[in-house]
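Structure record follows, encoded as structure tokens.
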Amino acid sequence: MARSAVAPDSISARLLHPTSSSALKQRYWYRTCSLSMNGCKAAPERALGLCETRTLPAVSAPETALSELQAAVFSLKAEPPPCSPSGIIRLEVPIRKKANAIDWLHAQSHLPRCFFSGRGQRMDPSFSLVNGGGVWSNSGRDLVGVAGVGSAVFFQGIDPFAFQDWKCIRRFLSKDCPLIRAYGAIRFDARANISSEWKDFGSFYFTVPQVEFDELEESSILATTIAWDDSLLWTWKNAVDGLQVTMHQISPYFHKSTTEVPQTTIISWNHVPTKASWNTSVKKALQIIRSRDSELVKVVLARCSTYVTDTCIDPVTLLSCLQVEGENAYQFYIQPPDAPAFIGNTPEQLFHRKYLNISSEALAGTRARSLNKDEDLQIGRELLFSPKDHIEFTIVRESIRRKLESICDEVLVEPSKALRKLPRVQHLCAQLSGRLMSEDDEFAILASLHPSPAVCGLPMEEARQFIKNNEMFDRGMYAGPVGWFGGRESEFAVGIRSALVGKGFSTLIYAGAGIVEGTNPCSEWDELDLKASQFTKLLQQWEHQTRYREINIGSAQRGGY
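As numbered in the UniProt record's numbering, residues 1 to 561 make up the sequence shown, in order.
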């Protein structure tokens with residue numbers, strides 16, 4: 001099978017514009033829901049007139065829940081709430097049966113779309129602990145995953161995400177309505193120029209879904225949200241009419257995406273930077289780190305790998321496959337209108353806030369896993385006692401500790417060094433916790449923790465400048481905060497182990513590696529391959545299965561069975 005390299009400047013074109021060849025047929029298409037209002041254009045100091053959740057009687061099946069919601073929206077339209085110039089109402093139907101949120105999302109054909117799942121565990125009891133002790137237990141939260149389509153209200157801008165933007169989002173949230181949440185992501189570096197493949201995301205993008213499926217541990221919820229604000233020229237009538245249009249197009253059925261094997265062939269791939277350019281950048285970074293005139297001690301360099309296939313990869317199918325192997329990691333999916341999908345399977349938490357309590361973590365150092373238990377333990381011990389990885393990990397942990405101490409009353413670090421084992425890789429990690437003085441400090445936590453030394457470097461500004469001057473692609477939302485804001489709590493992960501799945505026939509896969517004293521350029525390139533492998537192995541597996549199917553079909557036609 002012939003394969004070719006793709007020029008770096010063709011990344012955006014390949015991602016956004018499918019090839020015209022008749023052999024390449026696009027298999028997936030989505031309708032764009034009617035746009036709602038951009039909440040960032042409102043005055044954040046103007047209080048919302050109404051914010052409430054209305055829970056309908058529980059039903060036994062999702063199909064019944066949809067018809068109940070449609071009837072409730074019709075009744076609400078006939079008898080609107082008391083005159084209010086602005087407000088947000090969530091209607092929800094509990095479902096006694098548990099169902100998979102990704103399977104629900106896969107059955108829908110509307111944009112924008114979003115998905116977010118929390119991690120099942122903070123730490124597995126089998127993980128090795130050093131200088132700490134104790135284990136992290138299940139978080140105890142009942143919500144497993146959330147899938148949403150449409151937008152009751154969205155928040156987007158081209159300038160860096162600021163305190164005013166955060167206040168605009170908070171305006172639509174309430175402690176009394178904890179499941180009204182804004183899901184989205186923020187660029188790694190909002191000061192960098194936005195490339196065409198990321199243009200529809202802006203500098204930040206958040207959405208409160210119009211229709212939402214909540215997967216719980218033992219049940220489910222189907223919900224709709226109506227938001228309006230006369231000052232934004234989005235009236236109650238606009239909101240309820242738009243929701244009804246979306247509701248009539250919602251599928252009540254589920255698509256078991258985990259069993260689907262896409263038929264695809266990898267036509268070409270390329271890396272930006274190339275391995276030679278990577279070696280040059282790493283050596284340049286090490287030269288600066290060793291210089292007496294520089295304060296730089298760590299910089300994280302990244303790679304963008306473009307895979308062109310002969311069919312359009314369905315991002316929900318890809319996300320579903322990631323979820324299968326996404327043990328102890330966050331899965332996310334953000335897709336604004338007319339945009340590619342940003343998806344990922346990240347192990348790294350940026351922060352979690354519940355009321356005034358804050359938790360964060362440090363993650364650094366990487367080794368592969370082994371199927372042999374004794375060998376896997378040996379690899380883990382090597383990582384725990386590696387001088388180079390200890391330096392990199394300590395830089396990250398102590399930076400996060402200092403940032404939390406500047407905002408929180410007290411900060412605890414426990415364990416201070418441990419192994420986190422994922423299906424393909426293992427990392428050094430530490431858990432940090434503190435208590436905010438005020439819930440308004442949430443923005444300060446976000447602004448302070450991002451970007452962390454784990455994805456940027458130290459000192460932050462020097463590392464950011466090196467990245468800006470030496471990386472040859474736009475990171476976009478890669479390595480930026482991805483997650484949700486809520487009235488009672490908020491949670492953000494770091495958008496690593498991620499990909500941008502295009503509307504055409506390209507998939508952009510991102511990976512990064514920390515450069516510190518003692519770094520070997522070739523070893524770090526191998527680490528990039530390892531981190532990207534959860535995506536590349538899937539593409540290669542699908543290609544192999546397609547070729548195997550073609551061989552078997554050919555054998556059957558020749559009487560080979």
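Built from N, CA and C at the ideal position, the CB exists for glycine as well.
Here the structure is a predicted model, which is why all the values come from computation and not from measurement.
- Counting C-beta pairs with one atom in each stretch, the region 218-238 and the region 191-205 have fewer than three that are closer than 8 Å, which means they do not touch.
- Counting the other CB atoms within 10 Å of its CB gives Ala-107 a total of 16 or more, which places it among the buried residues.
- Under a 10 Å Cβ-count criterion, Pro-387 is classified as exposed, with fewer than 16 other Cβ atoms of the shown protein chains found around its own Cβ.
- Annotated as proximal: Tyr-478 and Phe-188, with beta-carbon spacing under 8 Å.
- For Tyr-510 against Ala-499, the beta-carbon gap comes to about 7 Å, under 8 Å, which counts as contact.
- Taking each of Asp-440, Gly-365 and Trp-166 in turn and checking the Cα distance to Asn-357, the smallest one comes out for Asp-440.
- Asn-357: member of the beta strand (DSSP E) spanning 357-368, first to last residue.
- A contact is defined here as three or more CB-CB pairs under 8 Å, and the region 360-380 meets this definition with respect to the region 445-457.
- As far as DSSP is concerned, Thr-280 takes part in no beta bridge.
- Taking the Cα positions, Ser-438 is about 39 Å away from Asp-241.
- Inter-residue distance for Leu-286 and Arg-420 is about 28 Å (C-alpha atoms, whole angstroms).
- Contact annotation: Gly-145 and Phe-115 have beta-carbon atoms nearer than 8 Å.
- For Ile-180, the secondary structure class from DSSP, reduced to helix, strand or coil, is coil.
- Counting the other Cβ atoms within 10 Å of the Cβ of Thr-246 gives 16 or more, which makes it buried.
- Of the residues Ser-109, Thr-55 and Pro-85, the one whose Cα lies closest to the Cα of Glu-92 is Thr-55.
- In the DSSP assignment, Glu-439 falls outside any alpha helix (DSSP H), carrying neither H nor E.
- Looking at the backbone, the Cα of Leu-143 and that of Ile-289 are separated by about 44 Å.
- Setting aside the 5 residues that flank it on each side, Ser-448 is surrounded in the same chain by Lys-403, each with a C-beta closer than 6 Å to its C-beta; the list follows chain order.
- Secondary structure at Lys-373: helix, using DSSP grouped into helix, strand and coil.
- In this structure, Asn-520 lies away from Lys-284, with their beta-carbon atoms at least 8 Å apart.
- Comparing C-alpha distances from Asp-165 to each of Glu-295, Cys-429, Ala-368 and Glu-442 shows the shortest one belongs to Glu-442.
- Residue pairing of Glu-489 in beta bridges, as defined by DSSP: Lys-354.
- Runs of the beta strand (DSSP E) lying entirely within the region 306-338 and spanning at least 3 residues, in chain order: 330-335.
- Going by DSSP, Gln-465 is part of the alpha helix (DSSP H) stretching over 460-470.
- Taken atom to atom, the span from the alpha-carbon of Leu-76 to that of Trp-525 is near 57 Å.
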